[in-house]
Amino acid sequence: MSRTTISAEDVSDKVVFAAPAGVKTIHKTTYPTISVTRPELSQAGKTILVTGGSAGIGQGIVRSYAEAYASRIIVTGRRRGTLEKSTSELAAEFPKTEFIARVSDVSSLEDTAALWSGLAAQDITVDVLVLNAAALGGPGALISSSLDRVWAEYVTNVRSQLDFVQRFRAQKGFEEKKKYLVFITTGVIHSPGMDKAIPSYYLTKQASHSLIQTLADASDPQVLQINMVHPGIIYSESAARAGMALDSLPFDDMKLPADYSVWAATQEAAFLHGKLAWAAWDVDELRSEESKKAFESNPHHLTIRVVGV
1 MSRTTISAED VSDKVVFAAP AGVKTIHKTT YPTISVTRPE LSQAGKTILV
51 TGGSAGIGQG IVRSYAEAYA SRIIVTGRRR GTLEKSTSEL AAEFPKTEFI
101 ARVSDVSSLE DTAALWSGLA AQDITVDVLV LNAAALGGPG ALISSSLDRV
151 WAEYVTNVRS QLDFVQRFRA QKGFEEKKKY LVFITTGVIH SPGMDKAIPS
201 YYLTKQASHS LIQTLADASD PQVLQINMVH PGIIYSESAA RAGMALDSLP
251 FDDMKLPADY SVWAATQEAA FLHGKLAWAA WDVDELRSEE SKKAFESNPH
301 HLTIRVVGV
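Using full-length UniProt numbering, read the sequence shown as starting at 1 and increasing by one per residue.
Right, dumping it as structure tokens:
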């Protein structure tokens, strides 16, 4: 599938940085509550699977899980060279964690089936699934966009997510121990103007977020806890390819969403099951009495719904 890029001008000033009731502190990097150095956030004894984990935000997430003492991390990616280089470097840095690199395209049903059947054959059970891989559509009017390209984005951003979650849930002995799903969503889906700036990405991520939210609504968080997080604006390989410099946008530190993604896979984040949250929002304030009132007065607080009906 062809990839398109967007420039700093396409996104600058279009994402409205607002926070929900009770949250006044906005973070740019990690902070004590979500720091993976906390023993309470330990991932020891757990197997983690991160899609699209060989570069960018995904790679940062893999690193944070390794820092949190995950016993095994399965990393998927489409580019063999990049994937193997990334995992081999992390394996050398974190020798107590087993790293498994799997070349796999999430949009391929065959690749995904082979991935999960291979894990089952090795008697490997995934405890934490991080859905990070996504296709970023470029700018341009939707009405004149290639139908095949837009539909391919739906395959990657929507169908693949359901495919992975169904296979995750179908694992043998799934309910023997609580499992966690961390979905990397985007603030694009609720930010004014982004539907015009990058329409196909807006639509497909809106659909995938609604998919995961629907799955969360039907899930017992004591069996499968599902958390959805917007990582922020991160300077990554794709941003560099788009011609952005470190000062093009007010980028957040990669460590912020990476550590948050570990925190999200703990009991501490259970109150955000099925909710949309930004990694930048202070989680202590999200748990404050003022914020608690917002959750109690509106069961749809921090969810995607039709307003006014």
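The C-beta atom is built at its ideal place from N, Cα and C for all residues, glycine as well. Source: prediction; values computed, not measured.
(1) Could you give the distance in angstroms between the alpha-carbon of S261 and the alpha-carbon of Y202?
(2) How long is the line joining the alpha carbons of A133 and G52, rounded to whole angstroms?
(3) Starting from V283 and walking both ways along the alpha helix (DSSP H), at which residues does that stretch end?
(4) Roughly how far, in whole angstroms, is the beta-carbon of S88 from the beta-carbon of D259, given that I think they are within contact range, below 8 Å?
(5) Among all the DSSP beta bridges, which residues are the ones paired with residue 376?
(6) Is the stretch 167-187 touching the stretch 138-152, taking contact as three or more C-beta pairs under 8 Å?
(7) Quick one: is I189 near chain C, going by C-beta distance under 8 Å?
(8) Rounded to whole angstroms, what's the CA-CA distance from M228 to V283? Just pull it up for me.
(9) Rounded to the nearest angstrom, what separates D253 and H230 at their Cα positions?
(10) How many angstroms separate the CA atom of V150 from the CA atom of E40?
(11) Quick one: give me the first and last residue of the alpha helix (DSSP H) that residue 368 is part of.
(12) If we ignore side chains and look at the alpha-carbon of each, how far apart do S42 and Y69 end up?
(13) Of all the options P257, K196, E296, which has the alpha carbon lying nearest to the alpha carbon of G138?
(14) For A207, tell me which candidate among R305, K172, R169 has the shortest Cα-Cα distance.
(15) Below 8 Å, how does it come out for the stretch 282-298 and the stretch 18-32: are there three or more Cβ pairs, yes or no?
(16) Please report the residue range of the beta strand (DSSP E) in which Y180 lies.
(17) Which one of L147, V182, K46, D127 has the shortest CA to CA distance from G58?
(18) With a cut-off of 8 Å on the beta carbons, I'd call I34 and W263 a contact; round off their distance for me.
(19) If we ignore side chains and look at the alpha-carbon of each, how far apart do V50 and S200 end up?
(20) Determine the closest residue to A216 out of L272, A240, S248, with distance taken between C-alpha atoms.
(21) I'd like the list of long-range same chain contacts for G308, defined as Cβ closer than 6 Å, with 5 residues on each side in sequence excluded.
(22) Is T97 closer than 8 Å to I73 when the C-beta atoms are compared?
(23) With the cut-off set at 8 Å, would you say D123 and K46 are in Cβ contact?
(24) Check whether the Cβ atoms of A101 and E84 sit closer than 8 Å, and answer yes or no.
(25) Could you say which of A55, F99, L90, A91 lies nearest to T79 if we only look at CA atoms?
(26) Tell whether a beta-carbon distance below 8 Å holds between V165 and S107.
(27) Please work out which residues of its chain come closer than 6 Å, Cβ to Cβ, to I48, disregarding the five sequence neighbours upstream and downstream, and give them in chain order.
(28) Note down, in chain order, each residue of its chain lying with its Cβ closer than 7 Å to the Cβ of L211, except the 5 sequence neighbours on either side.
Inspection of the coordinates gives the following:
(1) Taking the sequence shown and counting its residues from 1, one reaches residue 261 at position 261. Taking the sequence shown and counting its residues from 1, one reaches residue 202 at position 202. Rounded to the nearest angstrom, the gap between the Cα atoms of S261 and Y202 is 22 Å.
(2) As a position in the sequence shown, residue 133 is number 133, starting the count at 1. As a position in the sequence shown, residue 52 is number 52, starting the count at 1. Looking at the two C-alpha atoms, the distance is approximately 4 Å.
(3) One-based indexing of the sequence shown puts residue 283 at position 283. Where V283 is concerned, the enclosing alpha helix (DSSP H) stretches over 283-286.
(4) Taking the first residue of the sequence shown as position 1, residue 88 is located at position 88. Taking the first residue of the sequence shown as position 1, residue 259 is located at position 259. Contact flag wrong, Cβ pair sits at about 23 Å.
(5) No statement about residue 376 is possible, as the shown extent of the chain runs from 1 to 309 and does not include it.
(6) no
(7) You won't find chain C in this structure, because it holds only one protein chain.
(8) What you label residue 228 is simply residue 228 of the sequence shown in a count that begins at 1. What you label residue 283 is simply residue 283 of the sequence shown in a count that begins at 1. C-alpha separation (whole angstroms): 14 Å.
(9) Within the sequence shown, residue 253 is the residue found at index 253, counting from 1. Within the sequence shown, residue 230 is the residue found at index 230, counting from 1. Taking the straight line from one Cα to the other gives about 13 Å.
(10) Taking the first residue of the sequence shown as 1, we reach residue 150 at position 150. Taking the first residue of the sequence shown as 1, we reach residue 40 at position 40. In a straight line, the C-alpha of V150 is about 42 Å away from that of E40.
(11) Residue coverage of the chain in this structure runs from 1 to 309, which leaves residue 368 outside it and unanswerable.
(12) Position 42 of the sequence shown, counting from 1, holds the residue named residue 42. Position 69 of the sequence shown, counting from 1, holds the residue named residue 69. The alpha-carbon atoms of S42 and Y69 are separated by roughly 6 Å.
(13) On the sequence shown, position 138 is the one that residue 138 refers to. Answer by Cα proximity: K196.
(14) On the sequence shown, residue 207 is found 207 positions in, with the first residue counted as 1. Comparing Cα-Cα distances from A207 to each of R305, K172, R169, the minimum goes to R305.
(15) Contact holds: three or more Cβ-Cβ distances are below 8 Å.
(16) Against the sequence shown, residue 180 aligns to sequence position 180. Start and end: 179-184.
(17) Along the sequence shown, one-based indexing puts residue 58 at 58. Looking at the Cα atoms, V182 is the closest of the given residues.
(18) Your numbering for residue 34 matches position 34 in the sequence shown. Your numbering for residue 263 matches position 263 in the sequence shown. Contact between I34 and W263 holds, with the beta-carbon distance rounding to 4 Å and staying under 8 Å.
(19) Stepping through the sequence shown from its first residue, residue 50 is reached at position 50. Stepping through the sequence shown from its first residue, residue 200 is reached at position 200. Cα to Cα, the separation comes out at about 24 Å.
(20) Translated into positions along the sequence shown, residue 216 becomes position 216. For the residues L272, A240, S248, the minimum Cα distance to A216 belongs to L272.
(21) Working through the sequence shown from its first residue, we reach residue 308 at position 308. Same-chain partners within the cutoff: there are none.
(22) Position 73 of the sequence shown, counted from the first residue, corresponds to residue 73. Position 97 of the sequence shown, counted from the first residue, corresponds to residue 97. Result yes, Cβ atoms of I73 and T97 sit closer than 8 Å.
(23) Translated into the one-based positions of the sequence shown, residue 123 becomes position 123. Translated into the one-based positions of the sequence shown, residue 46 becomes position 46. No, the pair does not count as a contact, with Cβ atoms beyond the cut-off.
(24) Here residue 101 is taken as the residue at index 101 of the sequence shown, counted from 1. Here residue 84 is taken as the residue at index 84 of the sequence shown, counted from 1. Yes, Cβ-Cβ distance for A101 and E84 is below 8 Å.
(25) On the sequence shown, position 79 is the one that residue 79 refers to. Contrary to the premise, residue 79 reads as Arg rather than Thr in this sequence. Nearest C-alpha to R79: A55.
(26) To locate residue 165, count along the sequence shown from 1; it is residue 165. To locate residue 107, count along the sequence shown from 1; it is residue 107. Contact: no.
(27) As a position in the sequence shown, residue 48 is number 48, starting the count at 1. The answer, listed in chain order, is Y65, A70, I73, V128.
(28) The residue you call residue 211 lines up with position 211 of the sequence shown. Cβ within range, chain order: V158, Q161, L162.
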